[in-house]
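Quick note: the numbering used here has the sequence shown finishing at residue 409, numbered continuously throughout.
Beta carbons are placed, not taken as given, at the ideal position from N, Cα and C, and that holds for glycine.
First comes the structure, then the notes that go with it.
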Amino acid sequence: MKFVLSIRFALFLSFFLVFQYADQTIFVAPILNAHAVTPNLSDVNLSPEYQNITTHYGDLIIGNTTVYQISDCKFNLTGRLTITDKALVTIKDATILLTCLADRWNWVSGENASMGPVRAFMIIVEEQARLEVDNATFVLSAPRLDPNPWAWIPGHAIHAKDSAEIYMSDSKLLYTDGQGDFIRSTDNSNIQIVDSDLSTHQYMGTPTPGSGILSNGNSNVYVENCLLDVAYFGDNSTVTLFDVNITELFSHDPNDTCTINVTDSRIGQIRLWAPANVYLNNVIVDTLNAHTNCSIRATKCTFERVYVSNGADLWLSDTEVREIRTYEKGNVWIVYSLPLFGQITISYIHIPYVVPLILTTVIIVTLVLVHFVLRRKSKLDSKTSTRKEESGSSPPH
Numbered sequence: 013m014k015f016v017l018s019i020r021f022a023l024f025l026s027f028f029l030v031f032q033y034a035d036q037t038i039f040v041a042p043i044l045n046a047h048a049v050t051p052n053l054s055d056v057n058l059s060p061e062y063q064n065i066t067t068h069y070g071d072l073i074i075g076n077t078t079v080y081q082i083s084d085c086k087f088n089l090t091g092r093l094t095i096t097d098k099a100l101v102t103i104k105d106a107t108i109l110l111t112c113l114a115d116r117w118n119w120v121s122g123e124n125a126s127m128g129p130v131r132a133f134m135i136i137v138e139e140q141a142r143l144e145v146d147n148a149t150f151v152l153s154a155p156r157l158d159p160n161p162w163a164w165i166p167g168h169a170i171h172a173k174d175s176a177e178i179y180m181s182d183s184k185l186l187y188t189d190g191q192g193d194f195i196r197s198t199d200n201s202n203i204q205i206v207d208s209d210l211s212t213h214q215y216m217g218t219p220t221p222g223s224g225i226l227s228n229g230n231s232n233v234y235v236e237n238c239l240l241d242v243a244y245f246g247d248n249s250t251v252t253l254f255d256v257n258i259t260e261l262f263s264h265d266p267n268d269t270c271t272i273n274v275t276d277s278r279i280g281q282i283r284l285w286a287p288a289n290v291y292l293n294n295v296i297v298d299t300l301n302a303h304t305n306c307s308i309r310a311t312k313c314t315f316e317r318v319y320v321s322n323g324a325d326l327w328l329s330d331t332e333v334r335e336i337r338t339y340e341k342g343n344v345w346i347v348y349s350l351p352l353f354g355q356i357t358i359s360y361i362h363i364p365y366v367v368p369l370i371l372t373t374v375i376i377v378t379l380v381l382v383h384f385v386l387r388r389k390s391k392l393d394s395k396t397s398t399r400k401e402e403s404g405s406s407p408p409h
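The following block contains the structure:
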């Protein structure tokens, strides 16, 4: 009897362990190709048989700790891709065609339609999930219904939130209607984009919505060697832009703050309506509009036009500016590095008086030094001649 019970217990334990192991290997970390898409990944452990297809209709949800791979294919997704619960999705050497569902024309952020009709497609990365993209092209095919240029704010092509991460390299976003959307980072998320093209190549500051980066909610963004129409930052974001070409960079909410570092880049227009801290190094800018107590430090930069107002401060060091205008307590400071004195900061409005004063001071100091040098030389020459005369007039012994 004890032997029979032992066998039954051993069989039960074996089946339990096998079931647990099968559940973990299939549901937790299956490596799936784009050709192996299931209607709903929540059914993976019930039906682990996959069909080789290149088109998926409806929302595609990748959850738990699933690792999902789309590579070497053209993948047509009519619906929304959601990556959640620490899942990882990698897209490599692929073309992703995103098309919104017919019943989603008024979809906004997956919650309500209060903002009116906008694009319905989106890739959402949330809850510490990660999206890795390498050499991919995203084709966004849903047309807009609302001509309002601000209609793109609620809907975004790719949205990272809740401590999610996005890494993108050698990729591009294409729009069949020429009107772009943002890659957005919120809620302590991180975005890193390198060697990519996010521009619509049609945005010139017109009402046509552009394409680019949007970051707020304590997020971190790093962009290198990319083309963007628009970069929008606020709400405690930390941003680093290196070797980028941007048509417009702006921060709009006066209640938000952010830190922006830009190096070796080209920017059409910078508009700062928030108390941002901006550091520019070797950047060419057509127009800078600084307002609302923001702080900008520019080193080795070139500006065509600079407008500073509403308590904003601009420090210029080794920088060229064609036109400067200040309004309503706006301040522009010129930073000089002088020998023996180090760095000195002078208000721009005092430059017309300070420069002549400095030149006059330099001239006076130079004249005084020359006077003392000549006077000392004259005394030395006089002493030398006196000694010669005395040595020549002394009698021989």
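- Using a Cβ distance threshold of 8 Å, Ser153 and Asp193 do not count as a contacting pair.
- C-alpha of His213 to C-alpha of Leu300: approximately 22 Å in a straight line.
- When only Cα atoms are considered, Ser390 and Val382 end up about 12 Å apart.
- Membership of His171 in the beta strand (DSSP E) is indicated by the continuous run Ile170 to Ala172.
- One thing to note: Gly342 has its Cβ no nearer than 8 Å to the Cβ of Ser359.
- Distance from Ser197 to Ser175 at the Cβ level is roughly 10 Å; contact not present, criterion being Cβ atoms closer than 8 Å.
- The C-alpha of Leu93 is placed about 11 Å away from the C-alpha of Thr111.
- In the same chain as Thr314, and ignoring 5 residues on each side of it, the C-beta atoms closer than 6 Å to its own belong to Ile296 and Glu332, in chain order.
- Between the beta-carbon of Ile225 and that of Ile272 there is about 11 Å, and that puts the pair past the 8 Å contact cut.
- Residue pairing by DSSP leaves Ala286 without any beta bridge partner.
- When beta bridges are read from the DSSP output, Met134 appears opposite no residue.
- If you look at Arg309, you'll find it in the beta strand (DSSP E) that goes Ser307 to Thr311.
- Shown here for Thr107: same chain residues with a beta carbon closer than 6 Å to its own, the five before and five after excluded, namely Lys86 and Thr149 in chain order.
- Across the structure, Ser208 and Ala324 are spaced so that their CA atoms are roughly 33 Å apart.
- When rounded, the separation of the alpha-carbon atoms in Arg283 and His303 is 8 Å.
- In this structure, Asp84 keeps its C-beta atom at 8 Å or more from the C-beta atom of Asp97.
- Cys238: not part of any beta strand (DSSP E); DSSP gives it neither H nor E.
- Residue pairing from DSSP places Ser227 in a beta bridge opposite Ser197 and Phe245.
- Residue nearest to Arg317 within the set Ser201, Glu335, Leu186 and Val290 is Glu335 (criterion: CA-CA distance).
- The secondary-structure analysis by DSSP pairs Ile258 across a beta bridge with Leu240 and Ile279.
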